[in-house]
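In what follows, a single structure is set out as structure tokens and then discussed.
Protein chains in written order, with my numbering: chain A, 953 to 1268; chain B, 13 to 417; chain C, 623 to 982.
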């Protein structure tokens, strides 16, 4: 029983991280119908920014309030970086392809993903202590263990809940709530929803569609930046190729939840996290991806619009 | 298109295909005084770090010789067997590399591959061309040793029956049992085995499992992991309930050994962690974090580690540090030794002839070289069966014991 | 049939025949170039790879370009073909049907797998289907790794024998250079590729071919006209999978091993899709051109460029991660993809009819 509870905690905490990345996917998809393959690699680059800042500001030596303040600073910087980068990529690459066939921006996104990966490789080669002194650029990098990982229930307890888990879950929930409020109640959010529903009509209503799309990329990117810091603090390893798997799972979460649907992406992320944990527990780690994706296929056969997606009538 | 056109084309096809019947011969090379040595290693993607040290080692050996052996000028070419689209070694590229080398009469030695899977593709091609191949990193047992892999191994890699493949690293059937022996020496009663489902890691983990069962070390479980996964917390939570004395991981730094160790500690496990030579590099310690690796990580490695070497070995370390401004990683010395073996064989053969050089390589006897004293056995394996056990202390590898077989 | 369509039909075959006639004598020529040391790369070998990739792209084109199904897991069917070939030919198993048996059964098994996957899932909308195919690709890869008793896990099944051909055509004595094998594979893959292109061309004028086009152009209208879209899609999906399986058989035969299951990962599927889109989705020549450009760039031009720019490091020189030119490979590859889409968003040589694309 303890073990079941333990796996549930692990699954949900992991799921939160997937959900944060999935949000950026689903927002862009909701508006552009573009599967942004570069999103996972954007997340990866943001994590390198985070690690670089942690090294430069010697954050590992700080405690208490100073540590908290420094982490906020890192979060802000990473969000700004990846939001800005995502916005720029849209401006330079995708915007010119708005009227192109739907799959053209997809290939561009794959191209951008390769470029980002290569930049991540170079970044890992910087001669800094946190990057391993630049000896092996391609090697995984340790992200310092900044949050306490003592068991909150006491070291004797079989169940482990740490400060890390609590911070990941609470801060992710706060950011998700913020995003939800933004999309639901602000003018920008309204413009986003309008553009997602029908770009042409939105333009006729006086909405600057390009600006709205730009903002969507910026916000989705900023979420990836936030996710990158959380990932670093929780998982403690970053690697220039980690965008692949994280992007894959985030895309999966976004589609599973009902693509374009924000609560759906969160739910999708959580489902993936929990399924992974229980598959490890019950079946064996080597079958994890197979279990995960078989379950997805089955879910989609019975719920073809995703978990929370609404059935859309085909437009004629 | 009329039917008669197709008839014409079909006829042409038969004619040209008939051309294949004439047995092709490797033409005689360009400059008779130039000998080319190539290496085929994954230079794009995750293995780049290790292959860079291997190539550094090779270059150093050739530079030491002044780029010449007797009258021959030695040219070295550093080939990539990875492709951008795969981001790792690519079977198509490895096959193309092997054939390219086989067909270039100037090429007298093929240093590679890094991955045992790639070796399986290159070996038969090079064997038919009678081109000696020396690997600095393949450890899959079936590549050389009869009766230890599939029933058709290793004959399937030697269509001509000659031994053209050599390796300077001890194979998994040496390293696996050494690991078990060491775990038992440290008083372990139980082990949980994990592997990365790659040829290297899986092969080694299987050997460890078989030996452990025979030697009375209790195997609590053997699982594969997804080496690209973000974390292994749920796996470690499951293992924590069994509290094994050791967790053995058949895998490398690149296949996430650091993360496994980290999650093992995070799950509150008090077990120790053992991994093979694929993790014996500074990158492993920096990936896991020094505090986590200290005292927990145990690594086996073929031969004596570079810093414990005396004579030539110590010299190699010193020269490498001067030359490349960094410490030599484990694989650097293998690359260096591969090149040394080839250069010495060329000197001994004294002529630009694959068969002569192949025989000279097979007869290699290194006395107090960078890896100590050894020779190749009848299968093309190194005679080194000595493994060393290393721990981590203060964020650095720390030699603990020798594990003879 | 008016003269215009007749002319188009004839022209279509003419271009195929022309390409064929150009490619036909290329292999012996390249072989001669190689023998006389004129070439730094093994071009005929790379052409075999490109042909196999093009066959794979043709299969995917049927699914994505013709049936409008966004498919992100073509590597799964490719792998099924390769492993069927492995199981049917290696010594370990009693079948030992040889290459020609594998060529028959590989596509069959892959096609059946395609039908089995397609039947329950093809009614899904665009990107949900994309996820299902992606998921299927991952499931197949993981199953191939873990079902070690059948697939030999990461070791792969080998050796896969070379195609049996009559002794008077191809001699059986050991060939030290491996060039004969490459030539055989060259002609084999070229013949199969051309046969497929001709078959597709012919298909376009049959009832099934027209229903494919109708489906691609407008699913709703074609359903109103009495076509059964689900059935038509299923046929396209299964046949596309079978062709991918055929490519898999050729791939494994060419390598003489199935290689490790990780070869057939998501990346591979994505690369085939890239080939298709870069060439021009929905057109046969697009699939061929895309494979030529992308694989040619990755396998041939990029290593050449690397050597050209990087040159020989001088003795004593310390290379850093930045100065090693091969480390720039992804940036160059990525930029190439971005720029090609920037300037040719419909592909290098798009279909003339209209812009086919999967619709949501």
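Just so you know, even glycine gets a beta-carbon here, dropped at the ideal spot from N, CA and C.
CB-CB under 7 Å to residue 414 (chain B), same chain, minus the five flanking residues each way: which ones, in chain order? As a first step, residue 414 (chain B) is located in the second chain; it is residue number 402 there, counting from the start. Excluding residues within five positions, the ones whose Cβ falls inside 7 Å are 398 and 400.
Going along the chain, which residues of the segment 1238–1251 of chain A sit with their C-beta nearer than 7 Å to a C-beta in chain C? Listed by position, the residues of the segment 1238–1251 of chain A near chain C (Cβ gap below 7 Å) are 1238, 1239, 1241, 1242, 1245, 1246, 1248 and 1249.
Cα-Cα separation, residue 143 (chain B) to residue 373 (chain B): Mapped onto the second chain, residue 143 (chain B) falls at position 131. Mapped onto the second chain, residue 373 (chain B) falls at position 361. Taken atom to atom, the span from the alpha-carbon of residue 143 (chain B) to that of residue 373 (chain B) is near 11 Å.
Presumed contact (8 Å Cβ cut-off) between residue 141 (chain B) and residue 114 (chain B), rounded CB distance: Your numbering for residue 141 (chain B) matches position 129 in the second chain. Your numbering for residue 114 (chain B) matches position 102 in the second chain. Yes, they are in contact, since the Cβ atoms of residue 141 (chain B) and residue 114 (chain B) sit about 3 Å apart, within 8 Å.
Scan the segment 232–283 of chain B and note each continuous beta strand (DSSP E) run of 3 residues or more that stays entirely inside, going in chain order. Every beta strand (DSSP E) of 3 residues or more that sits fully in the segment 232–283 of chain B is shown, in chain order, as 258–262.
So the beta strand (DSSP E) residue 119 (chain B) belongs to, where does it begin and stop? Numbered from its first residue, the second chain carries residue 119 (chain B) at position 107. Counting along the chain, residue 119 (chain B) sits inside the beta strand (DSSP E) bounded by residues 119–123.
Could you tell me whether the Cβ atoms of residue 1071 (chain A) and residue 1190 (chain A) are closer together than 8 Å? Taking the first chain and counting its residues from 1, the one referred to as residue 1071 (chain A) is at position 119. Taking the first chain and counting its residues from 1, the one referred to as residue 1190 (chain A) is at position 238. Not a contact, by the Cβ cut-off of 8 Å.
Keeping to the same chain, check which residues put their C-beta closer than 6 Å to that of residue 272 (chain B); ignore five residues upstream and five downstream. Mapped onto the second chain, residue 272 (chain B) falls at position 260. Within its own chain, the residues whose Cβ lies closer than 6 Å to the Cβ of residue 272 (chain B), once the five positions on either side in sequence are excluded, are 244 and 261, listed in chain order.
Pair within 8 Å by beta-carbon distance, residue 94 (chain B) and residue 54 (chain B): The count along the second chain starts at 1 and reaches residue 94 (chain B) at position 82. The count along the second chain starts at 1 and reaches residue 54 (chain B) at position 42. Contact flag set, yes.
Classify residue 843 (chain C): buried if its beta carbon has 16 or more other beta carbons within 10 angstroms, exposed otherwise. Position 221 of the third chain holds residue 843 (chain C). It is exposed - the Cβ of residue 843 (chain C) has fewer than 16 other Cβ atoms within 10 Å.
At 3 residues or longer, and completely inside the segment 160–227 of chain B: list those beta strand (DSSP E) runs for me, N to C. Runs of the beta strand (DSSP E) inside the segment 160–227 of chain B: 177–179 and 202–207.
Sheet register partners of residue 101 (chain B) (DSSP bridge): Taking the first residue of the second chain as position 1, residue 101 (chain B) is located at position 89. The secondary-structure analysis by DSSP pairs residue 101 (chain B) across a beta bridge with B:94.
List, from N- to C-terminal side, the alpha helix (DSSP H) runs of 4 residues or more that fit wholly inside the segment 780–806 of chain C. Runs found: none.
DSSP three-state label for residue 287 (chain B), please. Here residue 287 (chain B) refers to the residue found at position 275 of the second chain. When secondary structure is reduced to three states using DSSP, residue 287 (chain B) falls in the strand class.
Pick helix, strand or coil for residue 1117 (chain A), following the three-state DSSP scheme. Taking the first chain and counting its residues from 1, one reaches residue 1117 (chain A) at position 165. Correct three-state label for residue 1117 (chain A): helix.
Please return the same chain residues whose Cβ sits closer than 6 Å to the Cβ of residue 1134 (chain A), not counting the five positions on each side in sequence. Taking the first residue of the first chain as 1, we reach residue 1134 (chain A) at position 182. If the five residues before and after residue 1134 (chain A) are omitted, its C-beta is found closer than 6 Å to the C-beta atoms of 1141, all from its own chain and listed in chain order.
Take the Cβ of residue 1066 (chain A) as the centre, count every other Cβ of all protein chains shown within 10 Å, and call the residue buried at 16 or more, exposed below. As a working mapping, residue 1066 (chain A) is identified with position 114 in the first chain. For residue 1066 (chain A), the number of other beta carbons within 10 angstroms of its own is at least 16, and it is reported as buried.
Report the start-end ranges of each alpha helix (DSSP H) in the segment 893–965 of chain C that is 4 residues or longer and not cut off at the edges. Entirely contained in the segment 893–965 of chain C, the alpha helix (DSSP H) runs reaching 4 residues are, in chain order, 906–917, 924–932 and 951–965.
Are the C-beta of residue 1266 (chain A) and some C-beta of chain C separated by less than 8 Å? Numbered from 1 along the first chain, position 314 holds the residue referred to as residue 1266 (chain A). Low confidence applies to residue 1266 (chain A): its pLDDT is 46, below 50, so where it sits in the model is not reliable, and the reading given next is rough at best. True, the Cβ-Cβ gap to chain C drops below 8 Å.
Rounded separation between residue 192 (chain B) and residue 220 (chain B) - CA only: If you number the second chain from 1, residue 192 (chain B) lands on position 180. If you number the second chain from 1, residue 220 (chain B) lands on position 208. Spanning the alpha carbons of residue 192 (chain B) and residue 220 (chain B) requires a straight line of approximately 6 Å.
Taking contact to mean 3 or more Cβ pairs, one atom from each stretch, closer than 8 Å, check whether the segment 941–949 of chain C and the segment 675–691 of chain C are in contact. Taking one beta carbon from each stretch, the segment 941–949 of chain C and the segment 675–691 of chain C have fewer than 3 pairs nearer than 8 Å; the two do not touch.
Taking Cβ positions only, does residue 1060 (chain A) come closer than 8 Å to chain C? Here residue 1060 (chain A) corresponds to residue number 108 of the first chain, with the count starting at 1. Yes, residue 1060 (chain A) counts as interfacial toward chain C.
N-terminal and C-terminal residue of the alpha helix (DSSP H) that residue 865 (chain C) is part of: What you label residue 865 (chain C) is simply residue 243 of the third chain in a count that begins at 1. Run containing residue 865 (chain C): 851–877, per the alpha helix (DSSP H) assignment.
Find the nearest neighbour of residue 1104 (chain A) within the set A:1110, A:1115 and A:1094, judged by alpha-carbon distance. Locating residue 1104 (chain A) in the first chain gives position 152, where the first residue counts as 1. Nearest option by C-alpha distance: A:1115.
In chain C, which residues lie with their C-beta within 7 Å of the C-beta of residue 1048 (chain A)? For this step, residue 1048 (chain A) is matched to residue 96 along the first chain. What residue 1048 (chain A) touches in chain C, judged by beta-carbon distance under 7 Å, is 964, going in chain order.
Does the distance from the CB of residue 257 (chain B) to the CB of residue 237 (chain B) come in under 8 Å? Position 245 of the second chain, counted from the first residue, corresponds to residue 257 (chain B). Position 225 of the second chain, counted from the first residue, corresponds to residue 237 (chain B). Against a cut-off of 8 Å, the Cβ pair of residue 237 (chain B) and residue 257 (chain B) comes out as no contact.
Nearest by alpha-carbon distance to residue 146 (chain B): which of B:162, B:157 and B:175 is it? Start at 1 with the first residue of the second chain, and residue 146 (chain B) comes out as number 134. A check of alpha carbon separations from residue 146 (chain B) across B:162, B:157 and B:175 identifies B:175 as the nearest.
Is the Cβ-Cβ distance between residue 971 (chain A) and residue 1205 (chain A) less than 8 Å? Indexing the first chain from 1 puts residue 971 (chain A) at position 19. Indexing the first chain from 1 puts residue 1205 (chain A) at position 253. Less than 8 Å divides the Cβ of residue 971 (chain A) from the Cβ of residue 1205 (chain A).
Decide if the segment 1211–1225 of chain A is in contact with the segment 1012–1029 of chain A; the criterion is three or more beta carbon pairs, one per stretch, under 8 Å apart. No, because fewer than three Cβ pairs between the segment 1211–1225 of chain A and the segment 1012–1029 of chain A fall closer than 8 Å, the two stretches do not touch.
Would you mind sorting residue 67 (chain B) into buried or exposed? The rule is 16 or more other CB atoms within 10 Å of its CB. Working through the second chain from its first residue, we reach residue 67 (chain B) at position 55. In this structure residue 67 (chain B) is buried. Its beta-carbon is surrounded by 16 or more other beta-carbon atoms within 10 angstroms.
Evaluate the contact criterion for the segment 880–897 of chain C versus the segment 696–714 of chain C: three or more CB pairs, one atom per stretch, below 8 Å. Segments in contact, yes.
Between the segment 777–793 of chain C and the segment 706–722 of chain C, are three or more C-beta pairs nearer than 8 Å? These segments touch.
Under 9 Å, CB to CB, which of the residues in the segment 1096–1121 of chain A have a partner in chain B? Within the segment 1096–1121 of chain A, the qualifying residues are 1096, 1097, 1101, 1103, 1107, 1110, 1112, 1114 and 1116.
Which residues does DSSP pair with residue 1094 (chain A) in a beta bridge? Locating residue 1094 (chain A) in the first chain gives position 142, where the first residue counts as 1. Partner(s): A:1189.
Excluding sequence positions up to five away, which residues of its chain have a Cβ less than 8 Å from the Cβ of residue 16 (chain B)? Along the second chain, read from residue 1 onward, the residue named residue 16 (chain B) stands at position 4. Below a pLDDT of 50, predicted positions are generally treated as unreliable, and residue 16 (chain B), at 41, falls in that range; the measurement from the model is reported next regardless. Contacts found: none.
Around the Cβ of residue 1053 (chain A), are there at least 16 other Cβ atoms within 10 angstroms (buried) or fewer (exposed)? Working through the first chain from its first residue, we reach residue 1053 (chain A) at position 101. Counting Cβ neighbours within 10 Å, residue 1053 (chain A) comes out buried, since at least 16 surround it.
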